[in-house]
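Student:
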Amino acid sequence: MSADRTIFTTTEMLARLVAFDTTSRLPDLPLIVWVEAYLGAHGLTATRSRGPQDGKVNLHAIIGPQTDGGIGFAGHVDTVPVDGQAWTRDPFTLHADHGRLYARGAADMKGFVASMLAAVPDFIALRAPHPIHLMLTFDEEITCDGARVLAEDLQARDVRPALCVVGEPTMMTPVIAHKGRLAVRVSVVGQPGHSSAPGDGVNALHAMGEALAWISAEARRLAHAGRRVEGFDPPHTTIQAGVAQGGTILNIIPEQASFEMEWRTVPGDDAHAELDRFRRFLGETIEPWMQSRFPQTGFSVEVLTELPPLSLADDAPLAHRVRQVTGANTSGRVSYGTEAGIYQSAGIASIVCGPGDIAQAHRPDEWIAESQLVACDRFLRAMAARPFAA
Numbered sequence: 001m002s003a004d005r006t007i008f009t010t011t012e013m014l015a016r017l018v019a020f021d022t023t024s025r026l027p028d029l030p031l032i033v034w035v036e037a038y039l040g041a042h043g044l045t046a047t048r049s050r051g052p053q054d055g056k057v058n059l060h061a062i063i064g065p066q067t068d069g070g071i072g073f074a075g076h077v078d079t080v081p082v083d084g085q086a087w088t089r090d091p092f093t094l095h096a097d098h099g100r101l102y103a104r105g106a107a108d109m110k111g112f113v114a115s116m117l118a119a120v121p122d123f124i125a126l127r128a129p130h131p132i133h134l135m136l137t138f139d140e141e142i143t144c145d146g147a148r149v150l151a152e153d154l155q156a157r158d159v160r161p162a163l164c165v166v167g168e169p170t171m172m173t174p175v176i177a178h179k180g181r182l183a184v185r186v187s188v189v190g191q192p193g194h195s196s197a198p199g200d201g202v203n204a205l206h207a208m209g210e211a212l213a214w215i216s217a218e219a220r221r222l223a224h225a226g227r228r229v230e231g232f233d234p235p236h237t238t239i240q241a242g243v244a245q246g247g248t249i250l251n252i253i254p255e256q257a258s259f260e261m262e263w264r265t266v267p268g269d270d271a272h273a274e275l276d277r278f279r280r281f282l283g284e285t286i287e288p289w290m291q292s293r294f295p296q297t298g299f300s301v302e303v304l305t306e307l308p309p310l311s312l313a314d315d316a317p318l319a320h321r322v323r324q325v326t327g328a329n330t331s332g333r334v335s336y337g338t339e340a341g342i343y344q345s346a347g348i349a350s351i352v353c354g355p356g357d358i359a360q361a362h363r364p365d366e367w368i369a370e371s372q373l374v375a376c377d378r379f380l381r382a383m384a385a386r387p388f389a390a
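For the sequence shown, the UniProt record's numbering assigns the number 1 to the initial residue and increments by one for each residue that follows.
(1) According to DSSP, is Phe123 part of a helix, a strand, or is it coil?
(2) Could you name the residues of the same chain whose beta carbon sits closer than 7 angstroms to that of Pro267, not counting the 5 residues immediately before and after it, in chain order?
(3) Hey, would you say Glu262 sits closer than 8 angstroms to Gly242, going by beta carbons?
(4) Which one of His98, Val57, Val325, Ala156 has the shortest CA to CA distance from Thr67?
(5) Express the C-alpha separation of Ala340 and His236 in angstroms, rounding to a whole number.
(6) Return helix, strand or coil for Met171, following the three-state DSSP convention.
(7) Provide the residue span of the beta strand (DSSP E) that contains Gly246, from first to last.
(8) Which same chain residues end up closer than 6 angstroms to Asp269 when comparing Cβ atoms and leaving out the 5 residues on each side of it in sequence?
(9) Specify the secondary structure class of Gln85 as computed by DSSP and reduced to three states.
(10) Count the other CB atoms, across all protein chains shown, that sit within 10 Å of the CB of Asp158; report buried if there are 16 or more and exposed otherwise.
(11) According to DSSP, which residues form a beta bridge with Tyr102?
(12) With three or more C-beta pairs closer than 8 angstroms as the rule, is the stretch 21 to 38 touching the stretch 51 to 69?
(13) Leaving aside the five residues before and after Arg386 along the sequence, list all residues of the same chain whose C-beta is less than 7 angstroms from its C-beta, in chain order.
(14) Per DSSP, which residues does Glu306 bridge with? Please list them.
(15) Looking only at its own chain, which residues have a Cβ that is under 8 angstroms from the Cβ of Met290, when we skip the five neighbours before and after it?
(16) Just mark Thr330 as buried or exposed, buried being the case when its beta carbon has 16 or more other beta carbons within 10 Å.
(17) If Cys164 and Ile348 are in contact, beta carbons under 8 angstroms, what's the gap, nearest whole angstrom?
(18) Please determine, among Arg381, Glu140, Gln256, Phe259, the residue with the shortest C-alpha to C-alpha distance to Thr22.
(19) Excluding the five sequence neighbours on either side, which residues of its own chain have a C-beta within less than 7 angstroms of the C-beta of Arg185, listed in chain order?
(20) Checking the sheet assignment: what are the DSSP bridge partners for Gln191?
(21) Need the endpoints of the alpha helix (DSSP H) that Thr9 sits in, please.
(22) Hey, Tyr38 and Leu154: beta-carbon distance below 8 angstroms or not?
(23) If Tyr343 and Ala147 are in contact, beta carbons under 8 angstroms, what's the gap, nearest whole angstrom?
(24) According to the neighbour-count rule (16 or more other Cβ atoms, all chains shown, within 10 Å of its Cβ), is Leu250 buried or exposed?
(25) Could you tell me the distance, in whole angstroms, from the CA atom of Met172 to the CA atom of Leu212?
(26) Which ranges does the beta strand (DSSP E) cover as unbroken runs of at least 3 residues, wholly within the stretch 254 to 298, from first to last along the chain?
(27) Leaving out the 5 sequence neighbours to the left and right, which residues in its chain are closer than 7 angstroms to Met109 when beta-carbon positions are compared?
(28) Per the contact definition of three or more C-beta pairs closer than 8 angstroms, is the stretch 76 to 86 in contact with the stretch 95 to 102?
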């Protein structure tokens with residue numbers, strides 16, 4: 001796919017981006033190579049940073065002074081799969097219909113990335129005295145490790161933006177806070193035996209059931225007595241188990257079981273402190289009996305995904321400027337997570353604001369309104385033209 005053209009409308013750019021299947025299980029390198037060529041045609045040099053997997057690559061480019069400071073526009077280029085979804089059109093070919101643009105990633109979040117890249121000629125023409133950072137990442141949909149790698153790379157090269165807009169779909173309304181997320185896999189090792197002699201084994205499913213009952217009770221406790229942060233729905237930290245499995249056939253005491261669970265924490269709550277409470281329950285309540293029977297039995301916990309919460313003050317200059325540019329009267333708070341919390345943790349004042357509706361994300365026939373891209377085009381140019389103190 002050639003990048004010999006240097007001028008694209010946002011819709012044209014989006015058509016090229018969605019043509020790359022960047023489902024998170026696949027490398028994003030082909031798309032990154034194309035973007036590098038496009039930026040190179042404008043005289044820009046981009047820097048890659050890599051994850052541990054082959055073909056998983058971030059891209060960072062600076063327009064203007066090659067220093068820290070200025071403003072960053074950040075988006076991930078990976079998408080969720082289309083497998084098993086009832087698409088009525090090719091998910092990797094942009095299709096326009098009555099003001100909507102359909103394709104996998106159109107809303108989440110290649111629409112924002114397309115707007116950002118299509119704006120490159122105008123960003124260059126600004127000749128701004130401050131850096132304008134373009135930040136593309138991998139694996140947001142599964143681990144967010146791309147943003148962590150990029151944040152470390154920016155710090156190592158001393159080229160961190162002072163401010164960052166993460167363009168997840170918010171219908172172009174500013175989001176100044178979101179919950180953190182900690183997802184873990186819990187594995188249970190029991191002792192097998194025949195179900196007619198339960199005393200000769202340790203039932204891993206029963207042990208898992210006790211742990212799941214604790215999670216259910218903890219969910220009620222958090223709902224009734226947890227920290228309240230108004231503006232979130234719900235306004236408290238939540239906990240749930242979403243996947244569970246174990247056992248083979250009914251007449252064998254299950255030797256193995258596992259489940260996955262998550263916390264979504266409001267700002268001010270510590271997900272690792274919550275995890276420690278859970279570990280203590282396992283170690284003090286369930287494991288002693290299991291291991292008194294068979295010492296090799298018990299629980300293990302593996303962290304799958306961790307996202308810190310985002311919390312930008314409502315009166316922060318970045319929040320004020322985004323409201324001013326978008327015309328929004330208020331700033332929102334959401335319960336899902338984004339890479340913005342990672343960038344904030346790295347010392348970059350961050351906000352979430354991008355085109356499209358999160359309700360369209362991850363669904364078959366995903367779409368974004370053309371009017372949202374038009375609004376995003378205006379927004380990016382206005383933000384780039386006048387950064388300000390964080």
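The beta carbon of each residue, even a glycine, is placed where N, CA and C say it ideally should be.
Tutor: The short version:
(1) The count along the sequence shown starts at 1 and reaches residue 123 at position 123. Reduced to three states, the DSSP call for Phe123 is helix.
(2) The residue labelled residue 267 in the question sits at position 267 within the sequence shown. Hits under 7 angstroms: Ala177, Val229, Pro309, Ser311.
(3) In the sequence shown, counting from the first residue as 1, residue 262 sits at position 262. In the sequence shown, counting from the first residue as 1, residue 242 sits at position 242. Their beta carbons are under 8 angstroms apart, which means Glu262 touches Gly242 by this criterion.
(4) Taking the first residue of the sequence shown as 1, we reach residue 67 at position 67. It is Ala156 whose Cα lies nearest to the Cα of Thr67.
(5) Taking the first residue of the sequence shown as position 1, residue 236 is located at position 236. Taking the first residue of the sequence shown as position 1, residue 340 is located at position 340. Between His236 and Ala340, the C-alpha separation is close to 20 angstroms.
(6) Residue numbering aside, residue 171 sits at position 171 when the sequence shown is read from its first letter. In this structure, Met171 counts as coil in the three-state DSSP scheme.
(7) By one-based count along the sequence shown, residue 246 stands at place 246. Here the beta strand (DSSP E) through Gly246 covers 238 to 246.
(8) Counted from its first residue, the sequence shown places residue 269 at position 269. For Asp269, where only same-chain residues beyond five positions count, the Cβ hits under 6 angstroms are Arg227, Thr237.
(9) Along the sequence shown, read from residue 1 onward, the residue named residue 85 stands at position 85. Coil.
(10) To locate residue 158, count along the sequence shown from 1; it is residue 158. Exposed, since its Cβ has fewer than 16 Cβ neighbours within 10 Å.
(11) Position 102 of the sequence shown, counting from 1, holds the residue named residue 102. Bridge partners of Tyr102: His95, Trp367.
(12) Yes: the two stretches touch, three or more of their Cβ pairs being nearer than 8 angstroms.
(13) One-based indexing of the sequence shown puts residue 386 at position 386. Here the set comprises nothing.
(14) Within the sequence shown, residue 306 is the residue found at index 306, counting from 1. Partner(s): Leu182.
(15) Here residue 290 corresponds to residue number 290 of the sequence shown, with the count starting at 1. Taken in chain order, the residues that qualify are Gly190, Val202, Ala207, Thr297, Gly298.
(16) As a working note, residue 330 is residue 330 in the sequence shown. Within 10 angstroms of the beta-carbon of Thr330 lie fewer than 16 other beta-carbons, which makes it exposed.
(17) As a position in the sequence shown, residue 164 is number 164, starting the count at 1. As a position in the sequence shown, residue 348 is number 348, starting the count at 1. That pair is a contact at about 5 angstroms.
(18) What you label residue 22 is simply residue 22 of the sequence shown in a count that begins at 1. Minimum Cα distance to Thr22 is reached at Glu140.
(19) As a first step, residue 185 is located in the sequence shown; it is residue number 185 there, counting from the start. Correct list, in chain order: Ser258, Glu260, Glu302, Leu304.
(20) Translated into the one-based positions of the sequence shown, residue 191 becomes position 191. Val202.
(21) Locating residue 9 in the sequence shown gives position 9, counting from the first residue. Unbroken run through Thr9: none, as it is neither H nor E.
(22) Indexing the sequence shown from 1 puts residue 38 at position 38. Indexing the sequence shown from 1 puts residue 154 at position 154. Pairing Tyr38 with Leu154 gives a Cβ-Cβ distance that is not under 8 angstroms.
(23) Indexing the sequence shown from 1 puts residue 343 at position 343. Indexing the sequence shown from 1 puts residue 147 at position 147. Yes, they are in contact, since the Cβ atoms of Tyr343 and Ala147 sit about 7 angstroms apart, within 8 angstroms.
(24) Looking up residue 250 in the sequence shown gives position 250. Exposed, by the Cβ-count rule.
(25) Taking the sequence shown and counting its residues from 1, the one referred to as residue 172 is at position 172. Taking the sequence shown and counting its residues from 1, the one referred to as residue 212 is at position 212. Whole-angstrom Cα-Cα distance: 39 angstroms.
(26) 256 to 265
(27) Stepping through the sequence shown from its first residue, residue 109 is reached at position 109. Excluding positions up to five away in sequence, the list reads Gly75, His76, Gly167, Glu168, Pro169, Gly354.
(28) no
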